[in-house]
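Taking our numbering, the leading residue of the sequence shown gets 1, the next gets one more, and so forth. The beta carbon of each residue, even a glycine, is placed where N, CA and C say it ideally should be.
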Amino acid sequence: MGNAKLSAGGKDFDYSVLSGSVGPDVIDIRKLYGQTGMFTFDPGFTSTAACESALTYIDGDEGILLHRGYPIGQLAEQSSFMEVCYLLLNGELPSPGELKSFSTTISRHTMLHEQLMQFYRGFRRDAHPMSIMCGVVGALSAFYHDSTDISDPTHRKISSHRLIAKMPTIAAAAYKYSIGQPFVYPDNSLSYTGNFLRMTFGVPAEPYIVNPVIERAMDRIFILHADHEQNASTSTVRLAGSSGANPFACIAAGIACLWGPAHGGANEAALNMLREIGTPDRIPHYIERAKDKNDPFRLMGFGHRVYKNYDPRATVMQQTVREVFNELKVTDPVFEVAIQLEEMALNDPYFIEKKLFPNVDFYSGVILSAIGFPTTMFTVLFALARTVGWVAQWNEMISDPNQKIGRPRQLYTGPTERDYLPLDKR
Ligand code: ACO
């Protein structure tokens with residue numbers, strides 16, 4: 001711990017510098033306004049640490065992502081989504097007994113209140129499944145009052161388990177509703193991911209056999225999306241939760257934030273872009289467009305606020321595409337377009353200088369489409385997987401003794417005080 005000096009208005013001020021276990025130090029400016037009468041100005045929070053967290057660490061320059069210290073590549077390769085959920089929630093990897101008991105607990109919460117299933121019928125069939133997710137997840141608080149006392153750790157634990165367990169059921173039902181098929185109820189004899197695949201692609205008229213290669217690929221995609229430090233949707237969950245709102249409402253807020261194309265909507269946008277490009281010979285035209293300041297087009301699935309190197313999740317995704325394509329014998333030209341686009345962009349001075357690399361969304365759409373998901377479901381799958389990160393971060397925030405309501409300030413640029421003019425005088 002050291003000090004940072006600030007000179008303002010002819011006076012010097014000292015601020016403590018705090019160190020985490022790894023990563024940049026932070027200047028503790030909590031007393032800045034009281035001492036100087038000034039705020040800091042940091043739209044988009046590019047230089048602001050809004051909280052302490054022991055969950056996830058990212059080194060964007062080196063392309064490192066750790067959950068509770070474990071590298072994402074090792075987790076994606078060797079663990080399961082349930083293990084990662086346990087790790088994020090509890091801080092340590094589970095023993096075999098702990099994992100079994102945790103998985104059983106989650107599976108006991110997979111059903112939805114039957115009345116909640118009726119909610120779906122109020123949506124238009126062509127509603128975007130993310131709009132259904134926002135609505136149904138927000139409505140959970142109307143059904144599970146018995147776990148909304150946020151000051152009670154047991155309530156928090158139960159609502160966290162409920163959210164993780166029910167999200168696949170809610171997501172699969174949103175899909176089934178959009179295609180006019182009956183809802184498929186959970187089968188707790190299957191894994192978390194196998195159950196989700198069956199609820200999504202199974203029909204009551206036939207048995208559904210889970211393909212283990214697709215189950216593993218899907219599980220890995222869930223692991224890759226489980227948490228990602230203080231991203232926009234997680235910060236939204238924290239901000240909503242900082243007012244004391246119930247966890248279901250907070251996660252619904254996170255889902256709404258995730259929906260945007262600059263965040264979770266990017267995989268849908270990336271696949272649409274790859275399909276629009278269509279053939280490798282058209283790639284240079286799109287690269288030129290992405291570089292043109294007068295053209296709003298960006299290479300979707302490229303660039304990241306934090307990663308200024310290859311997103312480690314994109315590496316695993318690229319490998320998973322090959323496995324899924326081999327298993328399903330898919331020959332979608334979109335994969336070839338993705339590979340060549342990546343190569344051309346990575347060798348282009350514009351992308352090199354700006355440190356723009358493929359992010360997790362660049363390949364995820366290609367895989368999800370091969371598995372059979374429509375593009376409108378991509379962000380839903382992201383929301384499903386990120387739910388554990390959101391609830392883990394929300395729990396961490398609620399248990400933090402320094403927690404305060406999130407309330408940023410502003411640099412006001414509007415009119416100064418003026419007198420109201422009656423309507424007939426304007
Ligand atoms: N294509 C072309 N140029 C780009 C791209 C891109 N995908 N991304 C950034 N740039 C350029 C910008 O035009 C800007 O150029 P300038 O400095 O000359 O003005 C520079 O790189 C920096 O970009 P910013 O938008 O300022 O960076 P920021 O950190 O705010 O944005 C973001 C990050 C939103 C991810 C951006 O890279 C982007 O829009 N990418 C495409 C969307 C996407 O893939 N989003 C998924 C993010 S990952 C996730 O949510 C899971």
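Proximity of residue i and residue j at Cβ, strictly below 8 Å
| i | j | result |
| --- | --- | --- |
| residue 301 | residue 349 | no |
| residue 283 | residue 344 | yes |
| residue 379 | residue 268 | yes |
| residue 388 | residue 164 | yes |
| residue 342 | residue 362 | yes |
| residue 386 | residue 235 | no |
| residue 375 | residue 333 | no |
| residue 138 | residue 249 | yes |
| residue 337 | residue 274 | yes |
| residue 55 | residue 392 | yes |
| residue 129 | residue 397 | no |
| residue 210 | residue 197 | yes |
| residue 394 | residue 237 | yes |
| residue 82 | residue 99 | yes |
| residue 22 | residue 57 | yes |
| residue 120 | residue 102 | no |
| residue 382 | residue 258 | yes |
| residue 125 | residue 177 | yes |
| residue 270 | residue 367 | no |
| residue 428 | residue 213 | In this structure the chain extends from 1 to 426, so residue 428 is not present and cannot be described. |
| residue 37 | residue 308 | no |
| residue 144 | residue 159 | yes |
Buried versus exposed call for residue i [16 or more other C-beta atoms within 10 Å across all chains shown]
| i | result |
| --- | --- |
| residue 46 | exposed |
| residue 39 | exposed |
| residue 478 | Given that the chain is displayed from residue 1 to residue 426, the structure contains no residue 478 and the question cannot be resolved. |
| residue 74 | exposed |
| residue 166 | buried |
| residue 169 | buried |
| residue 313 | buried |
| residue 246 | buried |
| residue 427 | Absent from the structure is residue 427, since the part of the chain shown begins at 1 and ends at 426. |
| residue 207 | exposed |
| residue 140 | buried |
| residue 227 | buried |
| residue 230 | buried |
| residue 254 | buried |
| residue 320 | buried |
| residue 285 | exposed |
| residue 68 | buried |
| residue 151 | exposed |
| residue 171 | buried |
| residue 399 | exposed |
| residue 243 | exposed |
| residue 202 | buried |
| residue 142 | exposed |
| residue 423 | exposed |
| residue 277 | buried |
Same chain, Cβ closer than 7 Å to residue i, five either side skipped, listed in chain order
| i | result |
| --- | --- |
| residue 80 | 219 |
| residue 290 | 297, 298, 299 |
| residue 35 | 13 |
| residue 311 | 63, 304, 357, 358, 359, 360 |
| residue 287 | 344, 345, 348 |
| residue 76 | 220, 223, 224, 316 |
| residue 8 | 36, 38 |
Beta-bridge partners of residue i, as assigned by DSSP
| i | result |
| --- | --- |
| residue 109 | Bridge partners of residue 109: none, in fact. |
| residue 5 | 14 |
| residue 302 | 358 |
| residue 251 | None; residue 251 has no bridge partner. |
| residue 67 | 56, 70 |
| residue 27 | 17 |
| residue 230 | 228 |
Cut-off 8 Å between Cβ atoms - residues of its own chain near residue i, not counting five sequence neighbours on either side
| i | result |
| --- | --- |
| residue 149 | 155 |
| residue 294 | none |
| residue 161 | 105, 106, 109 |
| residue 33 | 39, 409 |
| residue 117 | 173, 183 |
Same chain, Cβ closer than 6 Å to residue i, neighbours up to 5 away in sequence not counted
| i | result |
| --- | --- |
| residue 182 | 204 |
| residue 364 | 267, 317 |
| residue 195 | 186, 187 |
| residue 25 | 17, 19 |
| residue 411 | 41 |
The ligand MG heavy atom lying under 7 Å from the CB of residue i
| i | result |
| --- | --- |
| residue 292 | Absent from the structure shown: the ligand MG. Ligands present: the ligand ACO. |
Min CB distance residue i to chain D below 8 Å
| i | result |
| --- | --- |
| residue 257 | Among the protein chains of the structure shown there is no chain D, as only one such chain exists. |
So does the segment 187–194 actually touch the segment 100–108, counting three or more Cβ pairs closer than 8 Å? yes
Quick test of the definition: if touching needs 3 or more C-beta pairs under 8 Å, does the segment 89–102 touch the segment 260–276? no
Count the C-beta pairs between the segment 409–419 and the segment 48–60 that are closer than 8 Å, then say yes if the count reaches three, no if not. no
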